Amino acid sequence: MKVEKKDLSKSQIELTVELTAEEFKPYIKSGAEKVSREVKIEGFRPGKAPYGILKQKIGEMTILEEAARIAIDKTIDEAIKNNIDGQPIGQPQVNITKLAPDNPMEYKVIIVLLPKVELSDYKNAKVKQEKIEIKNEEAEKTIEQLREMRVKEVIANREIKNNDKAVVDIEMFLDNVPVEGGQGKGAGVIIGKGYIVPGFGKKLIGAKKGDTRKFSLPYPKDHHQANLAGKLVEFKVAVKEVYARELPEINNEFVKGFGFKSAEEFKDNIKKSIMAEKRQKAAQKAEIAMLDKIIEKSKFSDIPEILINSEAKTMMAELESGVASQGGKFDDYLSHINKTRDQIALDLLPDAIKRVKSSLIIREIADVEKIEVEDKEIEKTIEDLLKQYKDNKEIAGKINSSRYKEYLRNTLSGKKVIEKLTEWNVEK
């Protein structure tokens with residue numbers, strides 16, 4: 008077997024692998040046997056038809072193509088191992104370039120390599136972690152949100168007041184022409200909260216069930232719907248029901264529903280939770296600033312597009328998941344920000360490149376500093392996850408896979424590197 012090596016751009020290597028006609032013969036035999044087992048030939052059991060008859064039945068190139076696939080499977084790992092110094096990533100791209108009867112067989116394989124990193128002084132990327140404090144208004148806002156979760160709504164046979172909930176049918180018009188998509192039935196409007204446009208709820212105060220209100224309001228100039236932005240829109244609103252909203256008092260009875268014994272303990276826990284969240288955000292901010300410093304002064308060989316595109320795809324999935332977790336639809340989100348999916352993908356590229364560089368730096372530092380993850384650490388994590396998903400066989404199977412264990416090893420290693428970098432660089 009002869010192998011020629013050629014350096015390409017973007018951390019890629021091309022190998023040209025050639026098998027002589029003699030070296031290719033055993034694979035032709037294997038290919039013929041495999042094809043013979045899959046093709047019915049009258050008078051012969053599967054896999055027993057002579058080569059000449061098989062060739063007449065299906066054509067010699069079909070046999071040679073199967074032989075080439077077998078040859079590639081058997082030789083590609085050896086070709087890569089003996090000719091590549093770096094670490095391959097992803098699946099190699101294979102293309103058969105020579106295939107004919109009684110001739111050498113040749114294929115080309117393109118391997119993408121993990122880019123090389125020349126680290127900067129990563130122990131001298133000093134940053135200060137932001138000092139945090141909590142304001143009373145922040146705790147009060149969270150408590151108010153929890154009260155809203157337990158609000159009681161009671162039908163009120165009276166005029167609408169502030170903080171009521173009005174169930175309404177809405178029609179919208181521009182110059183007496185109905186707005187496309189501007190009709191809604193049974194919409195719940197909390198008076199005093201933001202809804203559709205500023206001032207909408209106030210226009211309903213004083214109305215009661217059965218009333219219809221007509222009024223006009225200007226849409227904000229920066230509204231995401233270009234056809235409405237800055238326009239004076241006419242509304243026709245029919246009140247179908249009025250609910251008085253009763254927010255619970257913050258007392259011992261209320262806080263028991265959240266697992267606390269007293270209102271004081273509840274409020275203290277709210278403050279602690281906000282502080283913990285702020286600390287986490289401050290730590291993440293410092294970590295990003297620290298990694299940015301290291302990235303800025305480190306040197307990278309060409310970064311393969313496969314890494315950047317993969318990271319951008321992950322970031323897009325994270326964005327979609329974030330929108331869904333808030334009860335939204337991604338298409339509605341795109342409409343709101345007036346962008347297409349392709350535009351978002353382009354916007355993500357700079358951050359995708361930065362995340363790839365961060366991963367490369369973390370991997371390189373782990374190697375230089377001999378930061379390793381022991382098997383028992385992975386086993387403990389797997390054990391904990393299996394307990395968590397003991398009733399889900401599909402997830403449990405994935406957790407036990409070798410691919411997931413390798414993912415865990417990289418994740419835990421990265422966490423250890425960040426801990427060391429923080430220890431060296433972050434002033435708290």
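Oh and the sequence shown: position 139 is 146 in the working numbering, straight run, nothing missing.
Where is the CB? At the ideal position from N, CA and C, for every residue including glycine.
Computed from a predicted structure; not experimentally measured.
Should Val244 and Asp171 be called a contact, given that it needs their Cβ atoms to be closer than 8 Å?
It is not a contact, given that the beta carbons lie outside the stated cut-off.
Under 8 Å between the Cβ atoms of Ser127 and Ser328?
Going by C-beta atoms, Ser127 is not nearer than 8 Å to Ser328.
In whole angstroms, what is the alpha-carbon distance linking Lys200 and Gly208?
Going from the Cα of Lys200 to the Cα of Gly208 covers about 7 Å.
Assign Asp14 to one of three DSSP states: helix, strand, or coil.
The answer is strand: DSSP assigns Asp14 an E or B state.
Would you tell me roughly how many angstroms separate the C-alpha atoms of Ala39 and Ala331, rounded to the nearest one?
The alpha-carbon atoms of Ala39 and Ala331 are separated by roughly 52 Å.
From Ile203, Ile402, Leu26, pick the residue whose C-alpha is nearest to that of Gln190; which is it?
Taking only the C-alpha atoms, the option nearest Gln190 is Ile203.
From Pro95 to Val433, what does the alpha carbon distance come to, in whole angstroms?
Cα-Cα distance, rounded: 34 Å.
Taking the straight line between their C-alpha atoms, what separation do you get for Leu298 and Ile77?
Taking the straight line from one Cα to the other gives about 46 Å.
Who pairs with Tyr34 in a beta bridge, going by DSSP?
Per DSSP, none; premise fails for Tyr34.
Quick check on Ile20: buried or exposed, where buried means 16 or more other Cβ atoms within 10 Å of its Cβ?
With 16 or more Cβ atoms within 10 Å of its Cβ, Ile20 is classed as buried.
For my contact list, Ile440 and Lys423 are in at a C-beta cut-off of 8 Å; report their separation, rounded to the angstrom.
Nothing can be reported for residue 440: it is not among the residues displayed for the chain, which extend from 8 to 435.
Does the distance from the C-beta atom of Ile139 to that of Ala289 stay below 8 Å?
In this structure, Ala289 lies closer than 8 Å to Ile139 by Cβ.
Taking Cβ to Cβ, would you say Gly97 is nearer than 8 Å to Leu121?
Not a contact, by the Cβ cut-off of 8 Å.
Ignore the nearest five residues each way along the sequence and tell me which others in Glu166's own chain have a CB closer than 6 Å to its CB.
These residues qualify, in order along the chain: Gly213, Lys215.
For Met68, is the classification buried or exposed, using 16 other Cβ atoms within 10 angstroms of its Cβ as the cut-off for buried?
Its Cβ having fewer than 16 others within 10 Å, Met68 is exposed.
Would you tell me roughly how many angstroms separate the C-alpha atoms of Ala251 and Lys210, rounded to the nearest one?
Near 17 Å, if we compare the C-alpha coordinates of Lys210 and Ala251.
Please report the distance separating the alpha-carbon of Arg370 from that of Val380.
Cα to Cα, the separation comes out at about 12 Å.
Return the bridge partner residues of Gly191 from the DSSP annotation.
DSSP, once it has assigned bridges, lists Ile177 as partnering Gly191.
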